[in-house]
Amino acid sequence: SLLRVELARLRARRLIRAVVVLALLAGAVGVVVALFVFGPTTPAVLADAEQRRDADLVMFEEFRQECLADIGSTGADPESFCGPEATTSDLELQYYLAEQPFTLLENLPNGALAVGLATAVLGFVVGATFVGAEWSARSMVALLFWEPRRMRVILAKTAVAAGFGLVLAAVGQLLWLGVGTMLAAVRGNDGEMLPTGYWSDLVGQSGRAVLLGLIATLFGFGVANLVRNTGAAFGAGFLYFAVVETALRIVASRSQPFLLSDSALAFLLPGGLSLFRPGPMVDEGTGAFQEFSEYVVGNVRGGVTLGVYLAVLLAVGFWLFRRRDLH
275 SLLRVELARL RARRLIRAVV VLALLAGAVG VVVALFVFGP TTPAVLADAE QRRDADLVMF
335 EEFRQECLAD IGSTGADPES FCGPEATTSD LELQYYLAEQ PFTLLENLPN GALAVGLATA
395 VLGFVVGATF VGAEWSARSM VALLFWEPRR MRVILAKTAV AAGFGLVLAA VGQLLWLGVG
455 TMLAAVRGND GEMLPTGYWS DLVGQSGRAV LLGLIATLFG FGVANLVRNT GAAFGAGFLY
515 FAVVETALRI VASRSQPFLL SDSALAFLLP GGLSLFRPGP MVDEGTGAFQ EFSEYVVGNV
575 RGGVTLGVYL AVLLAVGFWL FRRRDLH
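Note that the numbering used here has the sequence shown beginning at 275, numbered continuously upward.
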């Protein structure tokens with residue numbers, strides 16, 4: 275069938291295979307680095323950290339007593355001049371650990387976020403390469419001699435690209451879940467307590483990361499299908515994120531909720547993305563201070579924005595593919 279043919283074409287792309295292999299190698303290097311960066315909180319490690327913290331408490335108290343002796347009978351307020359007595363609550367034990375532990379509460383969701391963004395970038399590259407290479411090699415025209423129904427061809431290619439992006443992002447999240455759980459077991463806290471709803475929130479974030487990988491793959495596919503060249507699609511992506519978005523943030527800050535990168539982060543981050551809009555000057559004469567108002571772009575808003583942009587991009591590409599001369 276046409277779907278099997280398109281899937282075989284995708285697997286045959288050497289650049290796609292190279293990108294996937296490099297991504298796996300980068301992930302393996304990251305795991306090795308994490309094994310050296312993080313360390314378990316064994317009783318001996320905790321005892322050493324507590325000893326060094328207690329030594330700092332004694333040193334701080336000695337300085338405080340010297341300060342109190344220096345002010346003597348000057349009438350200065352000891353509390354404001356020398357400060358209060360330092361306690362263990364003022365010095366968190368984690369800052370005295372030589373190696374921070376890998377925690378499920380913080381590091382696992384943060385890693386899922388990073389993997390989601392990485393697979394989205396890879397998906398864009400794969401989607402652009404998949405269809406852009408066919409335009410560059412002019413094999414698209416030859417394919418239409420075998421299957422002249424253009425819409426059937428482009429829909430099959432879109433379905434294969436979408437399926438690959440979905441699988442790529444899902445495999446990335448599953449691999450990270452396994453790696454993160456392993457790191458927590460060998461480089462984490464024993465008996466770490468997790469809040470209620472932690473796993474459901476993590477699954478929700480990972481699910482959104484998978485959808486983001488699908489969307490990014492189709493974005494790459496759609497852009498390359500419009501410009502008919504892989505390199506031009508990469509250039510268009512770089513121009514948009516490096517130049518267009520930067521300029522819009524400077525000259526039209528209210529456009530931020532509608533930018534692709536902000537919408538992607540709003541869709542992916544738990545609770546959405548907080549943006550700060552500049553308000554009126556507090557001192558109109560000098561302009562020394564400016565008030566800012568917080569604006570939260572939620573997950574649904576970010577996802578809908580991405581979906582609308584993607585639908586328009588694909589619709590224009592399908593229409594041009596159907597109507598435009600292919601030579």
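Cβ atoms here follow ideal geometry from the backbone N, Cα and C, with glycine treated the same way.
Name the one or two DSSP bridge partners that residue i has.
i           : result
residue 549 : 569
residue 462 : 376
Is residue i buried or exposed, if buried means 16 or more other CB atoms sit within 10 Å of its CB?
i           : result
residue 576 : buried
residue 473 : exposed
residue 593 : exposed
residue 302 : exposed
residue 339 : exposed
residue 290 : buried
residue 512 : exposed
residue 337 : exposed
residue 498 : buried
residue 315 : buried
residue 486 : buried
residue 318 : exposed
residue 353 : exposed
residue 414 : buried
residue 398 : buried
residue 299 : exposed
residue 460 : exposed
residue 332 : exposed
residue 389 : buried
residue 470 : exposed
Please report how far the alpha carbon of residue i lies from the alpha carbon of residue j, in whole angstroms.
i           : j           : result
residue 395 : residue 358 : 51 Å
residue 427 : residue 294 : 25 Å
residue 324 : residue 308 : 24 Å
residue 360 : residue 380 : 28 Å
residue 282 : residue 276 : 10 Å
residue 278 : residue 432 : 13 Å
residue 393 : residue 447 : 9 Å
residue 391 : residue 343 : 57 Å
residue 366 : residue 320 : 12 Å
residue 449 : residue 484 : 13 Å
residue 334 : residue 363 : 14 Å
residue 297 : residue 305 : 12 Å
residue 574 : residue 587 : 20 Å
residue 465 : residue 288 : 46 Å
residue 509 : residue 524 : 22 Å
residue 517 : residue 286 : 34 Å
residue 312 : residue 515 : 33 Å
residue 322 : residue 328 : 10 Å
residue 330 : residue 310 : 27 Å
Given residue i, which residues of its chain have a CB within under 8 Å of its CB, disregarding the five upstream and five downstream residues?
i           : result
residue 584 : 489, 492, 493, 496
residue 522 : 529, 530, 533
residue 604 : One cannot answer for residue 604 here, as it falls past the ends of the chain, which runs 275 to 601.
residue 549 : 530, 531, 536, 568, 569, 570, 571
residue 326 : 370
residue 467 : none
residue 546 : 540, 570, 571, 572, 573, 575, 576
residue 581 : 489
Within the same chain, show all residues whose beta-carbon is closer than 7 Å to that of residue i, passing over the 5 residues directly before and after it, in chain order.
i           : result
residue 438 : 284, 400, 491
residue 436 : 488, 491, 492
residue 527 : 551, 552
residue 507 : 402, 406, 494, 497, 498, 501
residue 519 : 533, 535
residue 595 : 424, 428, 499
residue 475 : 544
residue 368 : 374
residue 417 : 427
residue 579 : 532, 537
Looking only at its chain, what residues have a beta carbon closer than 6 Å to the beta carbon of residue i, apart from the 5 residues adjacent to it on each side?
i           : result
residue 458 : 376, 378
residue 404 : 284, 435
residue 590 : none
residue 280 : 430, 431, 434
residue 463 : 315, 375
residue 372 : none
residue 350 : none
The stretch 436-446 contacting the stretch 532-548, beta-carbon criterion three pairs below 8 Å: The stretch 436-446, when compared against the stretch 532-548, does not touch it at the 8 Å Cβ threshold.
Given 8 Å as the limit, is there contact between the stretch 405-424 and the stretch 495-511, that is, 3 or more CB pairs closer than that? Result yes; three or more Cβ-Cβ pairs closer than 8 Å.
Check whether the stretch 414-424 touches the stretch 476-488, counting contact only when three or more Cβ pairs, one atom from each stretch, lie closer than 8 Å. no
Would you be able to state if there are at least three C-beta pairs under 8 Å between the stretch 447-454 and the stretch 384-395? yes
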